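**Student:** Protein chains in written order, with my numbering: chain A, 104 to 605; chain B, 104 to 605.
Number of protein chains: 2
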Amino acid sequence: MFQVFESGSKISREDYKKRLPELRAELLKTQFALQEQGIPLLIIIAGVEGAGKGEVINRLNSWMDTRYIETNVFRKVTDEEASRPFHWRFWRKMPKAGEIGVFFGSWYTKSIKNLVFGKESTAQFDAHMNQVKSMEQMLVAGGMLIVKFWLHVPEKKQKKRFKKLEKDKRTEWRVTDYDWRYHEHYQQFIKVSQRAIRLTNTADAPWNIIDASQKRYRDIAFMEILLQQMKAALNKNGIKNGTPAPVIPDVHDIAKPKNILDDIDLSPKLFKDEYKEIYDELALEIEFLAWQCYQKNISSVIVFEGWDAAGKGGVIRRLVPALDAKLYRVIQTAAPSKIEKSHHYLWRFWQDLPEDGKITIYDRSWYGRVLVERVEGFAKEEEWNRAFHEINEFEYQLIEHGTIVNKFWLHISSEEQLRRFEERQKVGYKKHKITDDDWRNRDKREAYKTAVHDMVAKTSTEYSPWHIIPANNKNYARITVLEIIRNSMIEALEEGNPDKST
Amino acid sequence: MFQVFESGSKISREDYKKRLPELRAELLKTQFALQEQGIPLLIIIAGVEGAGKGEVINRLNSWMDTRYIETNVFRKVTDEEASRPFHWRFWRKMPKAGEIGVFFGSWYTKSIKNLVFGKESTAQFDAHMNQVKSMEQMLVAGGMLIVKFWLHVPEKKQKKRFKKLEKDKRTEWRVTDYDWRYHEHYQQFIKVSQRAIRLTNTADAPWNIIDASQKRYRDIAFMEILLQQMKAALNKNGIKNGTPAPVIPDVHDIAKPKNILDDIDLSPKLFKDEYKEIYDELALEIEFLAWQCYQKNISSVIVFEGWDAAGKGGVIRRLVPALDAKLYRVIQTAAPSKIEKSHHYLWRFWQDLPEDGKITIYDRSWYGRVLVERVEGFAKEEEWNRAFHEINEFEYQLIEHGTIVNKFWLHISSEEQLRRFEERQKVGYKKHKITDDDWRNRDKREAYKTAVHDMVAKTSTEYSPWHIIPANNKNYARITVLEIIRNSMIEALEEGNPDKST
């Protein structure tokens, strides 16, 4: 989920200057409105060290009315705090109606550190995260607005920042031994943080992950998201008091992260001869591995999503010859039937889950909820918004059972898609593959791009990341997919499933 | 929580006959309405063996339209089921829109058995229950109505039923070795079941515990609760579609369980001499134990609730002389101040939690949410209804920290209360203790009784049961409370806290 926020989202100096006065005015106005309505606001700021959490807090205090903001830094537990239940220190500092509490270091910090440094088991960690989830839901039900931020910088950037701070006499004190120790465990922190976010990323109190590589973008995105969520809370509060429709405002364009798809290099190619050679070998390997997985009762779920004409069918047709027909099924996910509509949207996918040792390939999947159903308005915002967390919990049940879960988004450029559409219309035996729907979807490419970005951001979990496959070149896409499938089988056979063994 | 349902709730043959035709007609009518609105209904039936779960299901199928009811008995896991994620077997049988699915043996059964027989750790059990809670909330958010029943019979009654079935040649096959093994572990099952219910007793999918000792009451209460919850779901659905106020119908009087307070024997007395002797000894013991707890860092929370003039103050005044003034604080909980009102209702109680080794005595407490705030309408139904689960989670955090939690309801009869009120008005130095509010509350005794019953039922947990103290005789009440406090301290010192050590 973090890779998505490493694209280097940027705001130019001019855009920054142009937006700033208006943004600050709106922030203040909205802060006063919240105050008037007596809504308490809790801002939780977390993220990797070196992302500039402190700087953001300073900015917040200078842009809003500080008289009603209390910033709380939770570092070492005091004696008084240690001798009471863990959450006591936070309850002491809860913002009251109309005020803003900033928690810097929160109920997440301790458990994340404990799991990284082995002082807490995964089961204990999950239990604490469930407690946190429950408590946040309770506070929100009680009328509080909780806005949670996660500031992210990539590993290299972190190192660079620490080094830069150390070089300067005026700032070297800011980099501590702890920071470097943290840096050594960067990957582990990221993995554990993903778990924390997955478990607590509810529709009531969602996480907002921000690419903090560029300070201008970081600060503006932070404030724009805060503004948007304050406005949404005001609108919801209006409804509670009788006003009809809840208009959830969109976040300002300037704050939108660089779309993950814009970052994908679509140039890689594989020429026919090379492809053929690699493919033959891969197919043999996968055939062998699939049988081994069968013997060891390891099942696989393989999900294909992607643009129309991106070649999902083609990849699947290259994958299945490597598999014994007894071992796999391909599920084509079309619009739901009448009976499927009369069930929960996840129901139909549960039916086709593979039994131990077998493979189910989903040609489109439950992700329709946050793609087509979102873009076409078949699902309401609250419905598709809830779905991210629901899907993560669903897939976790697969992982817990020991199933390998692979998710692919096949990505092609708009031009390549057009080329393929036109080709399909020209070539007789391909004509059936292109419909009016395809053209209509093509017009909505921007909306789909946003949906894909959010999907990858919110459902790339520590146990099942999304694989975005550059698919302008079909050979390259096919080989890349098969390699990932092969590697995941090798890994599962070697390591077993860590979650299942607990 | 189960003791509350051992009062022997009964329905007379005449009342049964009188209500039956109307109830059946209403059940059918409401079933059809649910069907028309396309609401799927999931009925989960759990409870102790021998409570007659099968009989209730037969009754359900004969009273409603069976064409739209599918009863699923989940016993042994089949090979097909074992080779997929645990919840697969349930997803296969999910009721679709407009239909009713009955789950007999559900996603609760396996974990409860596993914890009782040591095949699962407490942490794993909690994780599974959290998964279940999450899934139920997801299904309800998706439009499903989930009605959960727990049929309860006391240990002795269970034995009697098994013996009776065994005696009769026609029914002896129904009692298996498993049943007797279950019976041997009755107390353990009850403890684990309480934990399961506590963790999953959400406002979205609350548990309905039924006293199943009398078959007539069991069957009628089951159907009346089902009817009430179907009607509530229809009303809620109406709102979603635009209709204004959500009228939540009350369950029919006939189904209301015998109030726990009606079962309390108020006759026990202690005469002055005897009282004096026991008290002196107890006070010495408690003084010593409190210091030991202080040295071992064990804190205590003691909650006093009870009728006006039941003698809360008097008990507290007998308790505190046994305690060193450095060790305890007494918190008087009056109507919330302005600042308290601007926080979550639990906030003010968090502030006064004792530090390790110390004692906080709450003279009235967070239970005001489900007592005075419920009865007086200061909290909306959805608010006080949610509070049961919130309070259980709050108190669990105390237990987890190692705090002893004792909760007392001081019970006096209506006549005794009247006598004390009148005495207070007559005696000069007692006059300030009686206010108009007290008289007003007295008029609402029935509403309070219901609230007390529900409170005891829903917040008596496996780690902190309610103690209902017969308090018509002040000496008896004081000694009983002190004895319970003494015993809980001895227990905590001997055993340590099992939850904290995990």
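Built from N, CA and C at the ideal position, the CB exists for glycine as well. Please read these numbers as outputs of a predicted model, since none were measured by experiment.
Could you check whether the Cβ of Ser604(A) sits closer than 7 Å to any Cβ belonging to chain B?
**Tutor:** Any reading at Ser604(A) must be qualified, since the residue scores a pLDDT of 40, below 50, and its modelled position is unreliable; the value itself is stated next. It does not; no Cβ of chain B falls within 7 Å.
**Student:** Does the distance from the C-beta atom of Asp459(B) to that of Ile434(B) stay below 7 Å?
**Tutor:** No, Cβ-Cβ distance for Asp459(B) and Ile434(B) is not below 7 Å.
**Student:** Using a Cβ-Cβ cut-off of 7 Å, state whether Met592(B) counts as contacting chain A.
**Tutor:** Closer than 7 Å: no.
**Student:** So Ile300(B) packs on Leu254(B), CB below 8 Å; how close in whole Å?
**Tutor:** Going by Cβ atoms, the distance from Ile300(B) to Leu254(B) rounds to 13 Å, so no, they are not a contact pair.
**Student:** Please identify the residue among Ile142(A), Leu130(A) and Trp194(A) whose C-alpha is closest to the C-alpha of Thr169(A).
**Tutor:** Nearest C-alpha to Thr169(A): Leu130(A).
**Student:** Output needed in chain order: residues of the segment 415-445 of chain A with a Cβ under 7 Å from some Cβ in chain B.
**Tutor:** For the segment 415-445 of chain A, which is checked against every Cβ of chain B, the residues closer than 7 Å are Ile442 and Ser445.
**Student:** Using a Cβ-Cβ cut-off of 7 Å, state whether Lys483(A) counts as contacting chain B.
**Tutor:** By this cut-off, Lys483(A) is not an interface position.
**Student:** Given Val107(A), which residues of its chain have a CB within under 6 Å of its CB, disregarding the five upstream and five downstream residues?
**Tutor:** Here the set comprises Ile363, Val559 and Ala560.
**Student:** Since Tyr281(A) is in the alpha helix (DSSP H), which residue starts that stretch and which ends it?
**Tutor:** Asp280 to Glu287 is the span of the alpha helix (DSSP H), which, as asked, contains Tyr281(A).
**Student:** Check the Cβ of Met241(B) against every Cβ in chain A and list those closer than 7 Å, keeping chain order.
**Tutor:** Glu493, listed in chain order.
**Student:** Under a three-way DSSP split, which group does Asn600(B) fall into?
**Tutor:** Caution applies to Asn600(B), whose pLDDT of 49 falls short of 50 and renders its modelled position unreliable; the value that the coordinates give is listed next. Note: Asn600(B) maps to coil in three-state DSSP.
**Student:** Which two residues bound the contiguous beta strand (DSSP E) that contains Pro573(B)?
**Tutor:** Element bounds for Pro573(B): Trp569 to Pro573.
**Student:** Go through its chain and collect everything with a Cβ distance to Arg122(A)'s Cβ below 6 Å, but skip five positions before and after it.
**Tutor:** Counting only Cβ-Cβ distances below 6 Å, and skipping sequence neighbours, we find Ile357.
**Student:** Locate the alpha helix (DSSP H) running through Arg545(A), then write down its first and last residues.
**Tutor:** Counting along the chain, the alpha helix (DSSP H) containing Arg545(A) begins and ends at Asp539 to Asp546.
**Student:** Out of Ser403(B), Asp427(B) and Trp542(B), point me to the one whose CA is closest to Phe524(B)'s CA.
**Tutor:** Of Ser403(B), Asp427(B) and Trp542(B), the residue nearest in Cα terms is Trp542(B).
**Student:** Consult DSSP for Val418(A) and reduce its assignment to one of helix, strand or coil.
**Tutor:** Val418(A) falls in the helix class under three-state DSSP.
**Student:** Just how far apart, CA to CA, sit Asp602(A) and Thr506(A)?
**Tutor:** At Asp602(A), the pLDDT of 46 sits below 50, so the modelled position is not reliable and the matter cannot be decided from this model.
**Student:** Starting from His504(B), trace the beta strand (DSSP E) both ways and give me its first and last residue.
**Tutor:** Run containing His504(B): none in the beta strand (DSSP E); it sits in the alpha helix (DSSP H), Glu484 to His504.
**Student:** For the segment 376-393 of chain B against the segment 496-505 of chain B, are there 3 or more C-beta pairs whose distance is under 8 Å?
**Tutor:** Not touching, per the Cβ criterion.
**Student:** Counting pairs of beta carbons, one from the segment 466-473 of chain B and one from the segment 195-211 of chain A, are three or more of them closer than 8 Å?
**Tutor:** Cβ pair count under 8 Å is below three, so no.
**Student:** Cβ of Leu422(B) within 7 Å of Cβ of Ile462(B)?
**Tutor:** No. Outside cutoff.
**Student:** Just checking, does the segment 526-536 of chain A make contact with the segment 582-596 of chain A on the three C-beta pairs under 8 Å criterion?
**Tutor:** Result no; under three Cβ-Cβ pairs closer than 8 Å.
**Student:** Just to confirm before moving on: does the CB-CB distance between Ile571(A) and His492(A) stay below 7 Å?
**Tutor:** Not in contact: Ile571(A) and His492(A) (Cβ atoms no closer than 7 Å).
**Student:** Determine the extent of the alpha helix (DSSP H) in which Arg170(A) is found, giving its start and end residues.
**Tutor:** From DSSP, Arg170(A) is part of no alpha helix (DSSP H); its letter is neither H nor E.
**Student:** Need the endpoints of the beta strand (DSSP E) that Val205(B) sits in, please.
**Tutor:** Ile203 to Phe207 is the span of the beta strand (DSSP E), which, as asked, contains Val205(B).
**Student:** Tell me the rounded alpha-carbon separation between Ala324(B) and Thr583(B).
**Tutor:** Their backbone Cα atoms lie some 34 Å apart in a straight line.
**Student:** Show which residues of chain A have a CB atom less than 7 Å away from the CB atom of Lys199(B).
**Tutor:** Going along chain A in sequence order, the residues near Lys199(B) (Cβ under 7 Å) are Ile442, Ser445 and His446.
**Student:** Does any C-beta atom of chain A lie closer than 7 Å to the C-beta of Asn233(B)?
**Tutor:** Chain A contact via Cβ: present.
**Student:** For Val159(A) and Lys251(A), what's the separation of their Cα atoms in angstroms?
**Tutor:** In a straight line, the C-alpha of Val159(A) is about 13 Å away from that of Lys251(A).
**Student:** Do you know how far the Cα of Phe189(A) is from the Cα of Glu152(A)?
**Tutor:** Distance between the alpha carbons of Glu152(A) and Phe189(A) is about 23 Å.
**Student:** Examine chain A for any beta-carbon lying closer than 7 Å to the beta-carbon of Asn600(B), and answer yes or no.
**Tutor:** With a pLDDT of 49 at Asn600(B), under the threshold of 50, the predicted position of this residue should be treated as unreliable, though the coordinate-derived value follows. Judged by the 7 Å Cβ criterion, Asn600(B) is not in contact with chain A.
**Student:** Contact check, Tyr320(B) vs Lys113(B) under 8 Å by CB: the rounded distance?
**Tutor:** 5 Å between Cβ atoms; contact.
**Student:** Whose C-beta lies closer than 6 Å to the C-beta of Val278(B) among residues of the same chain, with five residues either side of it excluded?
**Tutor:** Phe265, Leu268 and Glu269.
**Student:** For Trp453(B) and chain A, any beta-carbon pair shorter than 7 Å?
**Tutor:** Chain A, which has a Cβ nearer than 7 Å to the Cβ of Trp453(B), makes this yes.
**Student:** Is Val475(B) close to chain A? Criterion is C-beta to C-beta, closer than 7 Å.
**Tutor:** Output row for Val475(B): interface = no.
**Student:** Which residues share a DSSP beta bridge with Leu513(A)?
**Tutor:** Leu513(A) is bridged to Gly409(A) and Ile572(A).
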